[in-house]
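This report refers to the structure that appears directly beneath it.
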Amino acid sequence: MHDAALVVESLQVEIQQRRSAALAVDNVSFTVGNGEVVCLVGESGCGKTLTALSIMRLLPEAAQLAGGRVLLGQDDLTQLREDEMRRRRGADVSMIFQEPMTALDPSFAIGYQLTETYLAHESGSKAAARARAAEMLDLVGIAGAEQRLGDYPHQFSGGMRQRIMIAMALMLEPNVLIADEPTTALDVTIQAQILELILGLRDKLGMSVLLITHDLGVVNEVADRVVVMYAGEVVESARASDFFANPRHPYAQGLLRSMPGLTPPGQRLPVIRGRVPDLFAPRTGCRFAPRCDQCQPDCQAARPPLERVDDQHELRCYHPRPFAE
Amino acid sequence: MSSAAITPDPSPNDPLLRVRSLVKRFPVRRDVLGRPTSHLEAVAGVDLDVHTGETVALVGESGCGKSTLARLLLRLIEPTAGTVEFDGLDVLHASGRELRTFRQQAQIIFQDPFGSLDPRFRVLDIVSEGMTHLNLSRSDRRARVAEILELVELSSGVLDRYPHEFSGGQRQRISIARAIAVGPRLVVADEPVSALDVSVQSTILNLLSDLQDRLKLTYVFISHDMSVVRHMANRVAVMYLGRIVEMAPARDLFDNPQHPYTQALLSSVPSLHRDRESRRIRLVGDVPTAIDPPRACLFASRCFRRIDRCTESVPPLEHLPTIERDHTVACFNPAPVTELTDVS
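Listed in order, the protein sequences are those of chains V and A. Residue numbers for the first sequence follow the working numbering, beginning at 56 and rising by one. Residue numbers for the second sequence follow the working numbering, beginning at 89 and rising by one.
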């Protein structure tokens with residue numbers, strides 16, 4: 056039994072729209088063990104990014120934390136004062152965002168952007184900070200790192216900018232790295248480089264990683280554990296090998312089946328009928344029930360709880376069936 | 089096909105679309121007199137045949153020229169050199185009625201279902217925009233659009249609604265409806281499902297396949313997603329920095345890729361099938377730019393099978409004696425994947 060690097064417990068995020076409010080993240084719980092890569096999977100609007108942002112306490116104005124705890128080591132991040140939280144960001148938990156083009160400030164040299172956080176946290180000199188920045192750029196595979204500290208974001212390609220973002224997130228060697236779709240905007244050959252880099256750093260620095268993605272192919276290649284979200288809640292959580300061998304939730308099964316790689320060319324792709332439910336619509340019962348082929352009367356009557364089906368596998372479904380491709 | 093403008097009686101083996109030596113250069117730097125001194129060669133001499141009823145996929149990474157090529161095929165931009173023939177018509181020199189007929193017969197679907205529909209227009213207006221020349225009465229026009237919406241599985245109840253009222257998948261259906269409304273024979277689909285969620289993506293891919301069968305459409309399908317391409321395409325052209333580096337029937341390309349770039353590209357795709365220990369070809373470095381490219385193989389800087397010749401001249405796209413007949417590759421030192429050893 057390894058220790059947990061990050062524990063998210065009954066997290067609730069409420070979003071406001073005009074005069075109504077809804078839980079966009081509803082009682083989400085999961086654990087990232089030390090040195091583990093956990094993938095948070097789901098489609099647009101399922102609450103995966105809001106979950107990450109609430110761990111960082113960087114929620115947008117329209118959203119607010121409505122309950123739950125985020126344990127990083129001994130501390131509950133949700134209870135920290137803002138100045139205490141600021142000290143933890145970057146140093147203990149760091150986040151990389153999806154768009155490397157917009158997350159870097161175009162008007163500052165990357166050397167400045169890399170050292171800024173470092174200087175705010177550490178008492179070292181500017182020279183020490185630059186040395187550290189060059190070291191990190193080198194680590195993420197940017198050639199001639201020292202010379203390039205004076206360059207601006209536009210002088211780098213998309214893949215290099217994403218690597219700079221990673222270098223920036225790693226300046227203070229955080230225990231936990233949260234990566235929100237870090238490769239979605241990148242080409243596949245570059246994506247492969249970045250994923251390998253993140254895994255290599257995990258091995259080298261003993262970092263724990265929470266990777267948010269919609270790409271089950273990526274999950275299959277990097278995850279130790281998988282947490283599947285649907286309409287704001289966790290519907291299945293399992294060790295990656297178990298999950299891919301035997302996904303149990305009808306939504307997870309549907310997602311896997313609908314991927315083009317599993318159906319012979321020319322044949323119709325299996326689809327999940329219907330659409331993601333409106334967050335603000337009243338809901339009873341299982342949130343996936345209206346789209347589910349295995350739906351029974353009890354599914355509509357009461358919301359199934361997230362239950363342990365075996366040692367490491369949790370599931371929110373009354374009537375799971377074995378997976379047939 | 090009533091138009092006399094189109095060459096009559098093409099032989100059945102003639103391709104619907106025939107592209108030869110197509111080049112597009114964009115000036116990127118100019119001297120004091122405004123003369124270009126430096127060019128980005130987005131499309132650098134492409135030959136391509138697309139036959140009626142087939143789906144040809146163009147694949148490659150950003151900057152490889154696949155979207156520029158798509159726009160050249162439809163004459164949405166003018167090429168620097170080369171020819172495009174559509175059913176015998178010289179597209180690049182067509183004008184007047186010939187060009188209008190071509191524009192009806194060759195349509196495009198864009199990637200971004202949010203940016204490609206005018207928010208001020210109703211669905212009815214968007215889909216019927218290309219029908220003005222038919223001079224339909226108002227009720228006939230509504231009826232015709234309702235029929236087309238039915239083909240893309242949208243109810244006629246949406247006729248008077250605006251794009252912002254729809255989800256990404258529904259908007260893509262509206263874009264498809266607009267494209268098929270004028271009765272095209274060729275549809276160029278530029279990353280039609282890349283912006284969509286996985287579960288929505290599969291419904292749109294199914295729809296595109298259904299429409300191809302029902303309306304006898306020919307597709308040029310542009311995508312960076314190899315699993316989508318494998319599912320949809322009959323033939324695949326792999327592009328790298330403006331050139332086609334390999335072209336083959338889909339199955340052949342995926343099972344027996346010959347070009348080192350194709351091999352690296354396929355092995356980089358995250359997959360549900362591969363176990364983690366399986367060998368992967370790792371490319372080093374980023375894609376170089378296509379500004380003033382050297383007369384050499386442009387992949388040479390990242391290639392693990394580079395030989396001296398690769399930096400001295402451009403490898404032609406050729407058929408190799410060791411592979412299937414309609415499989416061509418532009419490489420001086422190709423090898424099947426099974427013969428590759430120690431690539432890392």
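From the three backbone atoms N, C-alpha and C, an ideal C-beta is built for every residue, glycine too. Since the model is a prediction, treat every value here as computed from it, not as a measurement.
Hey, would you say V326/V sits closer than 8 Å to S313/V, going by beta carbons? Locating residue 326/V in the first sequence gives position 271, where the first residue counts as 1. Locating residue 313/V in the first sequence gives position 258, where the first residue counts as 1. In this structure, S313/V lies closer than 8 Å to V326/V by Cβ.
Residues in the region 268-284 of chain V with C-beta within 9 Å of chain A's C-beta atoms, listed in sequence order? H269, D270, L271, G272, V273, V274, N275, E276, V277
Beta-carbon within less than 6 Å of L192/V's beta-carbon, same chain only, minus the 5 sequence neighbours each way: which residues are those? Translated into positions along the first sequence, residue 192/V becomes position 137. Taken in chain order, the residues that qualify are A200, A222.
Mind the definition here: the region 240-260 of chain A touches the region 137-157 of chain A only if three or more C-beta pairs lie below 8 Å; say whether that holds. no
Quick one: what's T244/V bridged to in DSSP? Numbered from its first residue, the first sequence carries residue 244/V at position 189. DSSP lists no partner for T244/V.
From Y349/A to R113/A, what does the alpha carbon distance come to, in whole angstroms? Indexing the second sequence from 1 puts residue 349/A at position 261. Indexing the second sequence from 1 puts residue 113/A at position 25. Looking at the two C-alpha atoms, the distance is approximately 23 Å.
Residues from the region 315-345 of chain A in contact with chain V, defined by Cβ distance under 7 Å: Per Cβ criterion, the list reads S315, V316, R318, H319, A338.
How about V281/V and S292/V: do their beta carbons lie closer than 8 Å? Sequence index remark: in the first sequence, residue 281/V carries index 226 (1-based). Sequence index remark: in the first sequence, residue 292/V carries index 237 (1-based). Yes.
Within the same chain, show all residues whose beta-carbon is closer than 6 Å to that of R159/A, passing over the 5 residues directly before and after it, in chain order. Position 71 of the second sequence, counted from the start, is the residue given in the question as residue 159/A. Excluding sequence neighbours, R159/A sits near I165.
Could you compute how far the alpha carbon of P115/V sits from the alpha carbon of K103/V? Taking the first sequence and counting its residues from 1, the one referred to as residue 115/V is at position 60. Taking the first sequence and counting its residues from 1, the one referred to as residue 103/V is at position 48. Distance between the alpha carbons of P115/V and K103/V: 14 Å.
What does I197/A pair with, by DSSP beta-bridge criteria? Taking the first residue of the second sequence as position 1, residue 197/A is located at position 109. Its beta-bridge partners are A277/A.
So that I know if they touch, is there some Cβ in chain V lying closer than 8 Å to that of S150/A? If you number the second sequence from 1, residue 150/A lands on position 62. So yes, S150/A belongs to the interface.
Indicate whether at least one CB of chain V lies closer than 8 Å to the CB of P358/A. Residue mapping note: residue 358/A aligns to position 270 of the second sequence, counting from 1. At a cut-off of 8 Å between beta-carbon atoms, P358/A makes contact with chain V.
Under 8 Å between C-beta atoms, does T171/A make it to chain V? To locate residue 171/A, count along the second sequence from 1; it is residue 83. So no, T171/A is outside the interface.
Grouping DSSP H, G and I as helix and E and B as strand, with all else coil, what is M284/V? Against the first sequence, residue 284/V aligns to sequence position 229. The answer is strand: DSSP assigns M284/V an E or B state.
Only counting the same chain, and skipping five residues up and downstream in sequence, which positions put a Cβ closer than 6 Å to that of A306/V? The residue given as residue 306/V occupies position 251 in the first sequence. It should be pointed out that residue 306/V corresponds to Tyr in this sequence rather than to Ala. If we look at Y306/V and ignore the five residues flanking it on each side, its Cβ neighbours are Y285, V290, F343.
Is D430/A helix, strand or coil when you go by DSSP? Here residue 430/A refers to the residue found at position 342 when the second sequence is read from its first residue. Per-residue confidence for D430/A stands at a pLDDT of 41, beneath the threshold of 50, marking its modelled position as unreliable; no derived number is given.
Three-state class that DSSP yields for L340/A in the structure shown: Numbered from its first residue, the second sequence carries residue 340/A at position 252. Reading the sequence as shown, one finds Asp at residue 340/A and not Leu. In the structure shown, D340/A sits in a helix (DSSP, three-state: H, G or I).
Classify S109/V as buried or exposed, calling it buried when 16 or more other Cβ atoms lie within 10 Å of its own Cβ. Numbered from its first residue, the first sequence carries residue 109/V at position 54. Buried.
Who are the Cβ neighbours of E400/A in its own chain at under 7 Å, not counting the five residues just before and after it? Within the second sequence, the letter at position 312 stands for residue 400/A. The residues are A384.
Of the choices D102/A, H127/A, V144/A, V120/A, whose alpha-carbon is the least far from that of I334/A? Along the second sequence, one-based indexing puts residue 334/A at 246. The identity of residue 334/A in the sequence shown is Glu, whereas the question assumes Ile. Of D102/A, H127/A, V144/A, V120/A, the residue nearest in Cα terms is V144/A.
For A188/V versus G166/V, is the C-beta distance shorter than 8 Å? Numbered from 1 along the first sequence, position 133 holds the residue referred to as residue 188/V. Numbered from 1 along the first sequence, position 111 holds the residue referred to as residue 166/V. The answer is yes: Cβ separation under 8 Å.
Taking the alpha carbon of G245/A as the point to measure from, which residue in A182/A, V211/A, L121/A has its own alpha carbon closest? Counted from its first residue, the second sequence places residue 245/A at position 157. Checked all of A182/A, V211/A, L121/A; the closest Cα to G245/A is V211/A.
Helix, strand or coil at M262/V according to DSSP, with G and I counted as helix: By 1-based counting over the first sequence, the position of residue 262/V is 207. Residue state for M262/V is assigned as coil, using DSSP reduced to three classes.
Just to confirm the assignment, what range does the alpha helix (DSSP H) spanning H176/V have? If you number the first sequence from 1, residue 176/V lands on position 121. Here the alpha helix (DSSP H) through H176/V covers 165-176.
Straight-line gap, C152/A to R331/A (C-alpha atoms, nearest Å): For the purposes of this step, residue 152/A is taken as the residue at position 64 of the second sequence. For the purposes of this step, residue 331/A is taken as the residue at position 243 of the second sequence. Their Cα atoms are separated by approximately 8 Å.
Between H176/V and the rest of its own chain, which residues show a CB-CB distance below 6 Å, the 5 nearest in sequence each way excluded? To locate residue 176/V, count along the first sequence from 1; it is residue 121. So the list reads A146, L227, once near-sequence residues are dropped.
Please decide whether L174/V counts as near chain A, where near means a Cβ-Cβ distance under 8 Å. Taking the first sequence and counting its residues from 1, one reaches residue 174/V at position 119. False, the Cβ-Cβ gap to chain A never drops below 8 Å.
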